[in-house]
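Engineer: Take a look at this one; I'll ask things after.
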Ligand SMILES: [Cu+2]
């Protein structure tokens with residue numbers, strides 16, 4: 572299906588200038604910009620404003636190949652309709668093949684005032700994709716008959732970020748993430764909750780039990796910057812440790828080296844950074860207690876822009892993927 576440029580050109584040219592000369596521009600984005608292959612995904616399309624003063628009356632979202640059996644949620648005050656089309660690849664679910672499905676969702680006839688924020692939801696299944704792929708949802712806001720804003724531009728490597736980017740969904744390595752947790756049986760009920768703070772999303776937080784009397788321990792997580800501006804993890808603190816630092820572990824001349832990241836860890840816009848054994852990690856030093864398997868360790872992370880974020884880190888068993896902290 573092609574991207575339709577629905578808007579009337581002259582009106583939009585003027586509108587674009589008005590919209591994009593401001594520095595407070597917020598793009599339409601997905602609440603969660605990452606998903607794993609072969610998982611269910613809830614696309615929450617965030618509409619941050621209308622068309623330069625005008626209320627949004629209609630939202631059209633075109634669904635990417637790779638997002639199947641889509642089911643939109645109805646939205647108060649809007650009439651919901653869908654358009655179906657052929658999938659490029661056959662989607663198979665529970666032994667059944669699907670060659671077509673919902674390709675476009677239309678919410679029409681409602682009002683989201685220009686000063687208001689709203690969210691529109693579509694659930695579906697991610698398939699026929701691999702880690703590293705990016706799916707693009709194309710959303711168009713209509714404000715009456717004359718004006719619209721289309722978020723439909725796909726970034727090109729080496730070029731400037733487009734003014735009207737389509738809503739990107741990064742497919743991340745199910746395998747990578749699983750690896751970080753391999754070797755210990757972190758049952759689901761002990762998994763950390765996802766934490767959202769501003770544009771920063773924290774997932775898969777975990778730490779591990781420490782040997783009796785140990786003075787140091789690592790903590791790990793997946794952090795994603797859902798926003799348009801870089802942020803930086805600059806500090807951390809915890810009631811169980813005298814000091815908490817952001818560290819990097821790397822192999823140099825065959826030797827594992829660990830060092831504090833003095834300037835913190837940058838989280839680029841749209842990027843996910845995984846803190847894991849053998850790489851970036853949070854280092855608790857001067858532990859005042861032994862961490863036991865199943866404990867929930869409270870660490871306050873501090874981001875340059877987002878500020879402080881409280882995260883609970885469930886403790887995996889002792890020795891879960893080994894990390895040498897003898898150098899502390
Ligand atoms: Cu360390």
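Numbering (the working numbering), first residue to last: 572 to 899. Backbone N, C-alpha and C define an ideal beta-carbon position, used for all residues, glycine too.
Tell me, to the nearest whole angstrom, how far the beta carbon of residue 864 is from that of residue 889; I am working on the premise that it is less than 8 Å.
Structural biologist: As a working note, residue 864 is residue 293 in the chain shown. As a working note, residue 889 is residue 318 in the chain shown. About 7 Å; that satisfies the 8 Å criterion.
Engineer: Given that a residue counts as buried once 16 or more other Cβ atoms are within 10 Å of its Cβ, and exposed if not, what is residue 611?
Structural biologist: Residue mapping note: residue 611 aligns to position 40 of the chain shown, counting from 1. With fewer than 16 other Cβ atoms within 10 Å, it is exposed.
Engineer: Residues around ligand 1, please: the condition is that the C-beta lies closer than 5 Å to some non-hydrogen atom of it.
Structural biologist: That gives 818, 829, 854.
Engineer: Between the beta-carbon of residue 678 and the beta-carbon of residue 651, is there less than 7 Å?
Structural biologist: If you number the chain shown from 1, residue 678 lands on position 107. If you number the chain shown from 1, residue 651 lands on position 80. In this structure, residue 651 lies closer than 7 Å to residue 678 by Cβ.
Engineer: Since residue 778 and residue 789 should fall inside the 8 Å C-beta cutoff, what is the C-beta to C-beta distance between them, to a whole number of angstroms?
Structural biologist: The residue you call residue 778 lines up with position 207 of the chain shown. The residue you call residue 789 lines up with position 218 of the chain shown. About 7 Å separates the two Cβ atoms, so the contact holds.
Engineer: For residue 660, collect the residues of the same chain with a Cβ closer than 6 Å to its Cβ; drop the 5 residues on either side in sequence, then sort them by chain order.
Structural biologist: Within the chain shown, numbered from 1, the residue matching residue 660 stands at position 89. Same-chain partners within the cutoff: 699.
Engineer: Counting Cβ pairs, one atom from each stretch, are 3 or more of them under 8 Å apart for the stretch 819 to 833 and the stretch 858 to 875?
Structural biologist: Too few Cβ pairs lie closer than 8 Å, so no.
Engineer: Whole angstroms are fine: how far does the CA of residue 690 sit from the CA of residue 631?
Structural biologist: In the chain shown, the residue the question calls residue 631 occupies position 60. In the chain shown, the residue the question calls residue 690 occupies position 119. Taking the straight line joining both Cα atoms gives about 13 Å.
Engineer: Have a look at the DSSP bridge pairing and note the partners of residue 885.
Structural biologist: Taking the first residue of the chain shown as 1, we reach residue 885 at position 314. Answer is 867.
Engineer: Could you say which of 682, 853, 673, 609 lies nearest to residue 820 if we only look at CA atoms?
Structural biologist: If you number the chain shown from 1, residue 820 lands on position 249. Looking at the Cα atoms, 853 is the closest of the given residues.
Engineer: Tell me which same chain residues have a C-beta within less than 8 Å of the C-beta of residue 882, skipping the five on either side of it?
Structural biologist: Position 311 of the chain shown holds residue 882. So the qualifying residues of the chain are 763, 766, 773, 776, 792, 869, 870, 871, 872.
Engineer: Express the C-alpha separation of residue 713 and residue 719 in angstroms, rounding to a whole number.
Structural biologist: As a working note, residue 719 is residue 148 in the chain shown. As a working note, residue 713 is residue 142 in the chain shown. Between residue 719 and residue 713, the C-alpha separation is close to 4 Å.
Engineer: When DSSP builds the beta bridges, which residues end up paired with residue 677?
Structural biologist: By 1-based counting over the chain shown, the position of residue 677 is 106. According to DSSP, which records beta bridges pairwise, residue 677 is partnered with 631, 652.
Engineer: Helix, strand or coil for residue 903 per DSSP?
Structural biologist: This structure cannot settle anything about residue 903, because the visible part of the chain is limited to 572 through 899.
Engineer: Report the rounded CA-to-CA distance for residue 722 versus residue 744, giving the unit in angstroms.
Structural biologist: Residue numbering aside, residue 722 sits at position 151 when the chain shown is read from its first letter. Residue numbering aside, residue 744 sits at position 173 when the chain shown is read from its first letter. Near 26 Å, if we compare the C-alpha coordinates of residue 744 and residue 722.
Engineer: Residue 706 and residue 638 - do their beta-carbons sit closer together than 7 Å?
Structural biologist: Taking the first residue of the chain shown as position 1, residue 638 is located at position 67. Taking the first residue of the chain shown as position 1, residue 706 is located at position 135. Their beta carbons are under 7 Å apart, which means residue 638 touches residue 706 by this criterion.
Engineer: Locate the beta strand (DSSP E) running through residue 777, then write down its first and last residues.
Structural biologist: Counting from 1 along the chain shown, the entry for residue 777 is found at position 206. Taken as a continuous stretch (DSSP letters only), the beta strand (DSSP E) holding residue 777 covers 771 to 779.
Engineer: May I ask you to report which of helix, strand or coil DSSP gives residue 820?
Structural biologist: As a working note, residue 820 is residue 249 in the chain shown. DSSP places residue 820 in strand when its eight states are reduced to three.
Engineer: Please state the DSSP three-state secondary structure of residue 796.
Structural biologist: The residue given as residue 796 occupies position 225 in the chain shown. It is a strand residue.
Engineer: Between residue 831 and the rest of its own chain, which residues show a CB-CB distance below 6 Å, the 5 nearest in sequence each way excluded?
Structural biologist: Here the question's residue 831 lines up with position 260 in the chain shown. Taken in chain order, the residues that qualify are 816, 818.
Engineer: Work out the CA separation of residue 730 and residue 711 for me, nearest whole Å.
Structural biologist: Your numbering for residue 711 matches position 140 in the chain shown. Your numbering for residue 730 matches position 159 in the chain shown. Going by the C-alpha atoms only, they are around 23 Å apart.
Engineer: With a threshold of 16 other CB atoms inside 10 Å of the CB of residue 671, please say whether the residue is buried or exposed.
Structural biologist: Indexing the chain shown from 1 puts residue 671 at position 100. Exposed: under 16 other Cβ atoms inside 10 Å.
Engineer: Taking the straight line between their C-alpha atoms, what separation do you get for residue 875 and residue 843?
Structural biologist: Position 304 of the chain shown, counting from 1, holds the residue named residue 875. Position 272 of the chain shown, counting from 1, holds the residue named residue 843. Computed Cα separation, rounded: 16 Å.
Engineer: Could you tell me how far apart the beta carbons of residue 682 and residue 648 are, in whole angstroms, since I believe they sit closer than 8 Å?
Structural biologist: As a position in the chain shown, residue 682 is number 111, starting the count at 1. As a position in the chain shown, residue 648 is number 77, starting the count at 1. Yes, residue 682 and residue 648 are in contact; Cβ-Cβ is about 7 Å, under 8 Å.
Engineer: Between which two residues does the beta strand (DSSP E) carrying residue 838 extend?
Structural biologist: Start at 1 with the first residue of the chain shown, and residue 838 comes out as number 267. 836 to 838 is the span of the beta strand (DSSP E), which, as asked, contains residue 838.
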